[in-house]
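Protein chains in written order, with this note's numbering: chain A, 85 to 386; chain B, 85 to 386.
Here a beta-carbon is modelled for each residue, glycine too, at the ideal position from N, C-alpha and C.
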C-alpha cells in the first residue's frame, strides 16, 4: 500500500476539524496545580516513575478535552527527557493515547546531527523499525549542521509518510543573535528557508505542499511575510501564539491565500489555564481555552 | 562542599591518563560483527529490549578495554534514542558503568531550545534532580536559537560542576552550508565562537579554562586555527579524527601552546576495529586501536 504524504494527511486532518491548530504538551509538574498533584498523590519526594505516571495522567486529561477540537498535538521532548528513560516511556504512552484518539503527533525534538547519527535519530522516530517509531507522525529538526544532516530525515519522511519542521526562525527573544545575522542581502534564517523550500518541493504531496516544512515563530511579523514568500509550498509550524506574545497579524502572514500552509501552536495557554483548581475544574477550563484558541485562529482566516 | 569546575576536572583526568582523548560510543547493531551478535543471541527479530541489552554488553566490553587509556567517553544519544525508552535505559546503564570505571562522560545530544524547554533539558542532564542526571558530566549543545537558549545550560554547568560543548564547526562535509556563511568580515561559525568564548570566560575554573567549550571538527585545518584564536579559554571537543578523515595538522591547531585546550574524539575507528571476529578477538583489537589512537594524538603534542 503506498503511504499517504504527510502534508496531505495534515491538511485532511486540519479540514476535518476546521482548525489549523496544534496543542503543545509541555507538561511540567512545576506548573500543575497543587490540588491536582494531591489528587494524583505525587510530590517532590516521589520517584521518577511516579512523576512520569502523573504526567501521563495529566496529558490524558488534556487529550480527552482537545481531541475533537484540534487535528494535532505537539509534545516537547525536553519535558519528558527531563526524567530519562521513564520520561521517554511517558512520552510514548502519551503519543499512543493521542493516536488512539485520532490525533496527529508532532514531536518537538529539534534533532540534527552528522549523517550516520541523523540516520539513527530518523530510524528511531520516523521509521517502522519499532512499534514505538510509528507513534510520531512528524518531528522538528535543526539545520545548523547543513544539508547532509537533514537529508536522512527528509528521505524517511518521504518513504514512511512522515513529516518534519525545520527550525528557521524561532519565537524566543534571543533568536536574532544567530538567525538574523546578515548574509549579503539575506540573513541566516532566510538561507535556511531556501533549503527548506527545496526539501518541501522534494517531498510534495498531491496538495502541492511538502512533507518537510518549517518552524516560524508567531512573534516576528516582518519575518513571517518574508519567510512565507521564500517557502511557498512549505507548511509552517507557528509557535509563540498566546503565552509568548505572538499576535494576530503575524499569524495571518503565515498562511497562504489558499488559507492553508500554516498550523498554529499554543502550549501553556491551553494546558495550564489556571494556577489552582481540581482536575475536574481544570478539564473544563482546558476545553474553554482550546475552544477560544481555535476560534481566534479561525477568525484570522475569515 | 563546593563543586569542582568541569574544565578543572577534565584537565586533571586528561593529565592522569596522559591522553587528551575521548572514545565515542556510537554503538549500532548494524556494525557489530556477526560472530558477536550470535554470541549475544541477538538478531533483527529480537525485541527492542533485547537489542538494547546487547548494546550495553558491547559497550561494557569497550569500556573494559579503554577505561585505563582515556579520561572520557562520548556516547552519541542518537544510537540509544533509536530504541526509545529502552535505548535511554541502555544509555543510562552505559554511563553508570563508565562512571564506575572512573571515566568522565560526554553525552553527545546537541540540545538547544527556547528558555523553559532548555531549562527542562538541562535539569534532566546536568542537575542533581534525579540519580540519572548525575550520570552525565557534560553534554553537547546547539546555539542556533541564540544566547537565551544556551544560558540555562551554562547556569547549571556552573552550579553543578558540569560541562557543555557548543557546536561551532562540525566535521561533516555539508557543515559549510550554514556554518561558513559570510557575515561581514566574519562567518556564522565565528559568530557562534564569539558567544562560546563569553560563556567560557563566565564559567572559568582555576585552570583559566571554561566549563563551557566548543565542538570543532578535525576536518577543517583553516577553521581550527581561526576558531582556536577566537576562543582562547574554551576547551575544544574535536571529532572527525580517524574514520572521518581528520588530520594531524588540524588536530595540532586545536591545542593551545600550554598543550591543553582540546580533547580529540575517535568513535568507529576504536569501537569497530574489524568487521568480523569473536568478542575476545574484538576486545583485543579495540585495545590495540585505542592505544594507537592515544599514541597518535600524544605524538602531535611532542
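Along the chain, where does the beta strand (DSSP E) that runs through residue i open and close?
i: residue 154(B); result: First-last for residue 154(B): undefined, no H or E at that position.
i: residue 385(A); result: No beta strand (DSSP E) contains residue 385(A), which DSSP labels as neither H nor E.
i: residue 109(B); result: 105–109
In the structure shown, what three-state DSSP assignment does residue i receive?
i: residue 100(B); result: helix
i: residue 380(A); result: helix
i: residue 357(B); result: coil
i: residue 251(B); result: strand
i: residue 227(A); result: coil
i: residue 113(B); result: coil
i: residue 210(A); result: helix
i: residue 94(A); result: helix
i: residue 344(A); result: coil
i: residue 87(A); result: coil
i: residue 215(A); result: coil
i: residue 129(B); result: coil
i: residue 281(B); result: helix
i: residue 362(B); result: coil
By a C-beta neighbour count over all protein chains shown, 10 Å radius and 16 as the cutoff for buried, is residue i buried or exposed?
i: residue 143(B); result: buried
i: residue 341(A); result: exposed
i: residue 359(B); result: exposed
i: residue 385(A); result: exposed
i: residue 387(B); result: Past the edges of chain B, shown from 85 to 386, lies residue 387(B), and the structure says nothing about it.
i: residue 129(A); result: exposed
i: residue 269(A); result: exposed
i: residue 253(A); result: buried
i: residue 316(B); result: exposed
i: residue 135(A); result: buried
i: residue 201(A); result: buried
i: residue 102(A); result: exposed
i: residue 372(A); result: exposed
i: residue 190(B); result: buried
i: residue 313(A); result: exposed
i: residue 149(B); result: buried
i: residue 331(A); result: exposed
i: residue 259(A); result: buried
i: residue 165(B); result: buried
i: residue 290(A); result: exposed
i: residue 383(B); result: exposed
i: residue 263(A); result: buried
i: residue 112(B); result: buried
i: residue 234(A); result: buried
i: residue 379(B); result: exposed
Would you list the residues sitting across from residue i in a DSSP beta bridge?
i: residue 192(B); result: 160(B)
i: residue 271(B); result: 266(B)
i: residue 349(B); result: 106(B)
i: residue 222(A); result: 190(A), 247(A)
i: residue 325(A); result: 330(A)
i: residue 337(B); result: According to DSSP, residue 337(B) bridges with nothing at all.
i: residue 288(A); result: 294(A)
i: residue 320(B); result: 298(B), 346(B)
In the DSSP assignment, the alpha helix (DSSP H) including residue i goes from what residue to what residue?
i: residue 198(A); result: Taken as a continuous stretch (DSSP letters only), residue 198(A) belongs to no alpha helix (DSSP H), as it is neither H nor E.
i: residue 256(A); result: Unbroken run through residue 256(A): none, as it is neither H nor E.
i: residue 175(A); result: 168–184
i: residue 295(B); result: Note, residue 295(B): premise wrong, no alpha helix (DSSP H); not H, not E.
i: residue 308(B); result: 305–314
i: residue 124(A); result: 118–124
Quick check: does the Cβ of residue i come within less than 7 Å of any heavy atom belonging to the ligand NAP?
i: residue 237(A); result: As for the ligand NAP, it is missing from this structure, which has no ligand bound.
Original post:
If contact means a Cβ-Cβ distance below 8 Å, which residues of the region 257–286 of chain B contact chain A?
Top reply: 257, 258, 259, 260, 261, 262, 263, 265, 266, 267, 268, 272, 275, 276, 279
Original post:
What residues from the region 142–166 of chain B come within 8 Å of chain A, judged by C-beta to C-beta, listed N to C?
Top reply: 160, 162, 163, 165, 166
Subject >> Interface positions of the region 213–233 of chain A facing chain B (Cβ-Cβ less than 9 Å), listed along the chain >> reply: 213, 214, 215, 216, 217, 219, 226, 227, 228, 229, 230, 231, 232, 233
Original post:
What residues from the region 175–200 of chain B come within 9 Å of chain A, judged by C-beta to C-beta, listed N to C?
Top reply: 175, 176, 192, 193, 194, 195, 196, 197, 198, 199, 200
Original post:
Name the residues in the region 102–126 of chain B whose C-beta lies less than 8 Å from a C-beta of chain A; which are they?
Top reply: 110, 112
**OP:** Using a Cβ-Cβ cut-off of less than 9 Å, list which residues of the region 338–366 of chain B approach chain A; keep chain order.
**Re:** 352
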